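> Shown below is the structure under consideration.
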Amino acid sequence: MKAAKRGKVVSYNKWGYFFLIPFVLVYLVFQFIPLVSTVVNSFFENYRSGLVQVGPNFIGIDNYVALFSDNDIWIYLKNTLIMWVMGFVPQIAVSLLLGAWFSNPSLRLKGQRFFKTVIYLPNLIMASAFAMLFFTLFSDSGPINSILMQIGILEVPYKFLSNIWSTRSLVAFMNFLMWFGNTTILLMAGMMGIDTSLFEAAEVDGATSTQVFFRITMPLLRPILIYVMITSLIGGLQMFDVPQVLTNGTGDPVGSSMTLIMYLNKHLFSKNYGMGGALSVFLFVVTGVLSLLVFKFSNEKK
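Quick note: the sequence shown uses my numbering, first residue 264, plus one each step.
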């Protein structure tokens, strides 16, 4: 009898592996093989010079030596992290505030579905279209400058896209607008999953709303906060479309809005697959290290 039952379990289990086949095939074709190919390309000289294709010739770690001997990569990494932090800090603050409001039954907010839909809508707009809109609004002769001049704040148009911090601020603001709705939904789901008896017990003990938020809500929300921070960090390091469209791919002024992916795109556009592979591996390592650091420090017991 036991042998017969085991046979049935095995026969059922094989269907699980059968249904995994499509995922495994998609992963191998679109994830694993390109990843291995990128790592392999990073050890080869493989680029196009005019109409002549040079390589692929194995050159070891020469691509990495050339990459790290150029100070530009560290400048672009700094640019990327600065714009990510400028967008992420207000994003997480506003999302926590909205999540607390929407998940608090005592406030009895009306029209919650409408507001949740509105704050999520920017996430559905293509980043390139969003960047083009801001490029038009904040251009030298755009509506923002016209309004500021008409109400007497400015006498001459302010060059938003020619100033380092205004350009970075626009990039960060657009990333904030596009993603704070998604973050709000995630945090609100986590807040709604907290046992309400904990809040009731805290109120009975005389805790204020601020104490309840920082002593109960925030500690129990830590797993979702870690998830949000790591995914946001990965997305921030892959920042490309918004600064690419806003600065027309130049990363101006003086390269202050040039990100690592924009730098990678230049190598791929010039068909330099060796340097592109080395930069991709560097970006992969940086993403992994920063994500591990975030996870480690966020999980430390206090």
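Just so you know, even glycine gets a beta-carbon here, dropped at the ideal spot from N, CA and C.
Predicted model only: the values in this text are computed from it and were never measured.
1. Please identify the residue among ALA470, ILE284, ASP403, GLY444 whose C-alpha is closest to the C-alpha of THR430.
2. Between LEU370 and chain B, is the shortest Cβ-Cβ distance under 9 Å, so that the two count as touching?
3. Let me make sure I understand the geometry here. Which of MET451, ILE336, VAL475, PHE560 has the alpha-carbon closest to that of LEU361?
4. Hey, ILE493 and PHE558 are a contact pair by Cβ (cut 8 Å); roughly how many whole angstroms apart?
5. Does the contact criterion of 3 or more C-beta pairs under 8 Å hold for the stretch 305-314 versus the stretch 539-550?
6. Measuring only the C-alpha atoms, how far is ARG371 from TYR290?
7. If you check the beta carbons only, do ALA363 and MET454 fall under 9 Å apart?
8. With VAL328 as the anchor, note down where its alpha helix (DSSP H) starts and where it stops.
9. Let me know if PRO506 comes out buried or exposed under the rule of 16 or more other beta-carbons within 10 Å of its beta-carbon.
10. Quick one, are the C-beta atoms of LEU424 and PHE393 less than 9 Å apart?
11. Take SER332 as the anchor and find which of VAL548, MET538, SER561 has the nearest alpha-carbon.
12. CA-CA distance, GLN474 and ASP468?
13. Is the stretch 409-429 touching the stretch 332-345 in the sense that three or more CB pairs, one from each, lie closer than 8 Å?
14. Beta carbon of LEU488, beta carbon of SER432: below 9 Å?
15. Are SER495 and GLN354 closer than 9 Å when you measure CB to CB?
16. Can you find at least 3 beta carbon pairs, one from the stretch 507-516 and one from the stretch 385-399, that sit closer than 8 Å?
17. Measuring straight from C-alpha to C-alpha, what distance separates LEU411 and LYS422?
18. According to the neighbour-count rule (16 or more other Cβ atoms, all chains shown, within 10 Å of its Cβ), is TRP347 buried or exposed?
19. Mind checking who GLN316 pairs with in its DSSP beta bridge?
20. Using a threshold of 9 Å, state whether the C-beta atoms of THR522 and GLY512 are closer than that.
21. Between which residues of its own chain and MET525 is the CB-CB distance below 8 Å, once the five residues before and five after are set aside?
22. Where does the unbroken alpha helix (DSSP H) through ASN342 begin, and where does it stop?
23. Please determine, among SER554, VAL552, LYS534, the residue with the shortest C-alpha to C-alpha distance to VAL315.
24. Would you list the one or two residues that DSSP bridges to PHE321?
25. Return the chain-ordered list of same chain residues with a C-beta closer than 7 Å to the C-beta of GLY313, the five sequence neighbours on each side being excluded.
26. What would DSSP say about GLN501, mapped onto helix, strand or coil?
27. For PRO406, does the three-state DSSP call read helix, strand or coil?
28. Using beta-carbon positions only, say whether ALA465 and ILE479 come within less than 9 Å of one another.
Quick answer:
1. Along the sequence shown, one-based indexing puts residue 430 at 167. Cα-wise, what sits closest to THR430 is ASP403.
2. Note that chain B does not occur in the displayed structure, where there is just one protein chain.
3. The residue given as residue 361 occupies position 98 in the sequence shown. For the residues MET451, ILE336, VAL475, PHE560, the minimum Cα distance to LEU361 belongs to MET451.
4. The residue labelled residue 493 in the question sits at position 230 within the sequence shown. The residue labelled residue 558 in the question sits at position 295 within the sequence shown. With 8 Å as the limit, ILE493 and PHE558 qualify as a contact, their Cβ atoms being about 7 Å apart.
5. With the cut-off at 8 Å, the stretch 305-314 and the stretch 539-550 touch.
6. As a working note, residue 371 is residue 108 in the sequence shown. As a working note, residue 290 is residue 27 in the sequence shown. Rounded to the nearest angstrom, the two C-alpha atoms are 45 Å apart.
7. In the sequence shown, counting from the first residue as 1, residue 363 sits at position 100. In the sequence shown, counting from the first residue as 1, residue 454 sits at position 191. Less than 9 Å divides the Cβ of ALA363 from the Cβ of MET454.
8. Taking the first residue of the sequence shown as 1, we reach residue 328 at position 65. Segment 325-332, the alpha helix (DSSP H) holding VAL328.
9. Within the sequence shown, the letter at position 243 stands for residue 506. Result: buried.
10. As a position in the sequence shown, residue 424 is number 161, starting the count at 1. As a position in the sequence shown, residue 393 is number 130, starting the count at 1. No.
11. In the sequence shown, the residue the question calls residue 332 occupies position 69. Closest by alpha carbon: MET538.
12. Counting from 1 along the sequence shown, the entry for residue 474 is found at position 211. Counting from 1 along the sequence shown, the entry for residue 468 is found at position 205. Rounded to whole angstroms, the gap between the alpha carbons of GLN474 and ASP468 is 11 Å.
13. The stretch 332-345 is not in contact with the stretch 409-429.
14. To locate residue 488, count along the sequence shown from 1; it is residue 225. To locate residue 432, count along the sequence shown from 1; it is residue 169. Result no, Cβ atoms of LEU488 and SER432 do not sit closer than 9 Å.
15. If you number the sequence shown from 1, residue 495 lands on position 232. If you number the sequence shown from 1, residue 354 lands on position 91. In this structure, SER495 lies near GLN354, with their beta-carbon atoms less than 9 Å apart.
16. By the Cβ criterion, the stretch 507-516 is in contact with the stretch 385-399, since at least three pairs of Cβ atoms, one from each stretch, lie closer than 8 Å.
17. Along the sequence shown, read from residue 1 onward, the residue named residue 411 stands at position 148. Along the sequence shown, read from residue 1 onward, the residue named residue 422 stands at position 159. In a straight line, the C-alpha of LEU411 is about 12 Å away from that of LYS422.
18. Numbered from 1 along the sequence shown, position 84 holds the residue referred to as residue 347. A residue is called buried when at least 16 other Cβ atoms come within 10 angstroms of its Cβ; TRP347 meets this threshold and is buried.
19. Reading the sequence shown from its first residue, position 53 is the one you call residue 316. Looking at the DSSP output, GLN316 bridges to ARG311.
20. Position 259 of the sequence shown, counted from the first residue, corresponds to residue 522. Position 249 of the sequence shown, counted from the first residue, corresponds to residue 512. No, Cβ-Cβ distance for THR522 and GLY512 is not below 9 Å.
21. Counted from its first residue, the sequence shown places residue 525 at position 262. Excluding sequence positions up to five before and after MET525, its CB lies within less than 8 Å of the CB of TYR339, PHE503, PRO506, GLN507, GLY512, GLY514, all in the same chain and listed in chain order.
22. Within the sequence shown, residue 342 is the residue found at index 79, counting from 1. It spans 335-366 - the alpha helix (DSSP H) in which ASN342 sits, taken as one unbroken run.
23. As a position in the sequence shown, residue 315 is number 52, starting the count at 1. Nearest C-alpha to VAL315: LYS534.
24. One-based indexing of the sequence shown puts residue 321 at position 58. Looking at the DSSP output, PHE321 shares a beta bridge with PHE307.
25. Taking the first residue of the sequence shown as position 1, residue 313 is located at position 50. No residues qualify anywhere along the chain.
26. Working through the sequence shown from its first residue, we reach residue 501 at position 238. Correct three-state label for GLN501: coil.
27. Your numbering for residue 406 matches position 143 in the sequence shown. Note: PRO406 maps to helix in three-state DSSP.
28. By one-based count along the sequence shown, residue 465 stands at place 202. By one-based count along the sequence shown, residue 479 stands at place 216. Result yes, Cβ atoms of ALA465 and ILE479 sit closer than 9 Å.
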